[in-house]
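To start, the structure under review is shown below, and the notes come after it.
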Amino acid sequence: MTIYAAIDQSPLLDLLFYPRRDFTPPPEGAFDLFSPVDEGISIHMRFYLQDKTNPWILFFHGNGEVVSDYDDIAPLYGQIGVNLAVADYRGYGFSGGRPTFTHLVHDAHLLFGAVKKELFQKSSPGNLWIMGRSLGSISALELGYCYPDQIRGLIIESGFASVTRLIKHLGLPSRGIDLEPIENEHRTRIRKIFLPSLIIHGEFDHLVPLQEARDLLAYLGAAEKELVIIPGADHNNVMFSNADQYFGAIQKIIKTDGGPDTFAH
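Count along the sequence shown from 1, then add 416; that gives the number in the numbering used here.
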């Protein structure tokens, strides 16, 4: 039993995950990979390869998204000289099983291993960044804590520092659920992350308040860390509210040379 069992065995679980099926084939230039995570269960990932010499971002998306949602977004990463690999969760898209918090964390390790193996065969495995959006920040922070010598840095978009505070902010039922072990473990791990870190957050995020990003910045043990606030942005329009600022911040921390000066909005 893990620290996340309290959430997995409560009504909270169905309020935090919004899985949907999607069987969209990969666009030209992309390819799919299915990584086994449990008996009879594989997770779908999609790799958007722009250039074999580019750094890679392994991306964990939000709780209402699927891999194919990034088919039109991946080229924007390519414009700044970055390849993108997007991972689904159990029960999402092509992936089997049912999502839980325990699986979210457990599977991230196996997906990370699968991505490294794939990149070793096809590209450059030594320049890998981890990015998590919203719920995906849990997976990203987990990997950042566990594999500091194998990851170049972290990028967190619309993420949170406190699981308990987020649940209360959203007004989700939590009476009788012991969230303290989760809270303590989450915060302890964040403090022990020393990788270069970028946090991007919308100024008017109504789901995950901006204070969560500020707290995350304060908790991170990294010496190189930055919070980029997108003016006027909410939770679901952070990227396109100011694509120049958003991708410019990513390009700055990854230190790539590619890309035009502006993006189409």
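Note that CB positions come from ideal geometry on N, CA and C, so glycine has one too.
All values reported here derive from a predicted model rather than from experimental measurement.
### Query
Hey, would you say the C-beta of residue 557 is under 7 angstroms away from at least one heavy atom of the ligand NAP?
Ligands are entirely absent from the displayed structure, and the ligand NAP is therefore not among its contents.
#### Entry: Cβ-based burial, residue 685 [other Cβ within 10 Å; buried from 16]
Outside the displayed span of the chain (417 to 681) sits residue 685, for which this structure offers no information.
#### Entry: Per-residue DSSP class, three states only, for residue 644
The answer is strand: DSSP assigns residue 644 an E or B state.
#### Entry: Rounded distance between the beta-carbons of residue 669 and residue 569, thought under 8 angstroms
Contact between residue 569 and residue 669 is confirmed by a C-beta separation of about 6 angstroms, below the 8 angstroms threshold.
### Message
Residues in the same chain with beta-carbon distance under 6 angstroms from residue 678, minus the five sequence neighbours each way, listed in chain order, please.
### Response
Note that residue 678 scores a pLDDT of 43, beneath 50, so its modelled location is shaky and nothing firm can be said.
#### Entry: Spatially closest choice to residue 464 from 487, 623, 457, by CA coordinates
It is 487 whose Cα lies nearest to the Cα of residue 464.
### Residue of 593, 545, 564 minimising C-alpha distance to residue 427
Between residue 427 and the set 593, 545, 564, the nearest pair of CA atoms involves 593.
### Query
If we count the other Cβ atoms within 10 Å of its Cβ and call it buried at 16 or more, is residue 622 buried or exposed?
Per the 10 Å Cβ criterion, exposed.
### Message
Just to confirm the assignment: which complete beta strand (DSSP E) runs, minimum length 3, are found wholly within the stretch 419-483?
### Response
With a minimum length of 3 residues, the continuous beta strand (DSSP E) runs that stay inside the stretch 419-483 are 446-454, 457-464, 472-476.
### Query
Under a three-way DSSP split, which group does residue 544 fall into?
Residue 544 falls in the strand class under three-state DSSP.
### Task
Please work out which residues of its chain come closer than 6 angstroms, Cβ to Cβ, to residue 658, disregarding the five sequence neighbours upstream and downstream, and give them in chain order.
Setting aside the 5 residues that flank it on each side, residue 658 is surrounded in the same chain by 646, each with a C-beta closer than 6 angstroms to its C-beta; the list follows chain order.
### Query
Using the C-alpha atoms, what's the distance from residue 632 back to residue 707?
Look at the range of the chain in this structure, 417 to 681, and you will see that residue 707 is not part of it.
### Task
Reducing DSSP to helix, strand and coil, say where residue 678 ends up.
Below a pLDDT of 50, predicted positions are generally treated as unreliable, and residue 678, at 43, falls in that range; the measurement from the model is reported next regardless. The answer is coil: DSSP assigns residue 678 none of H, G, I, E or B.
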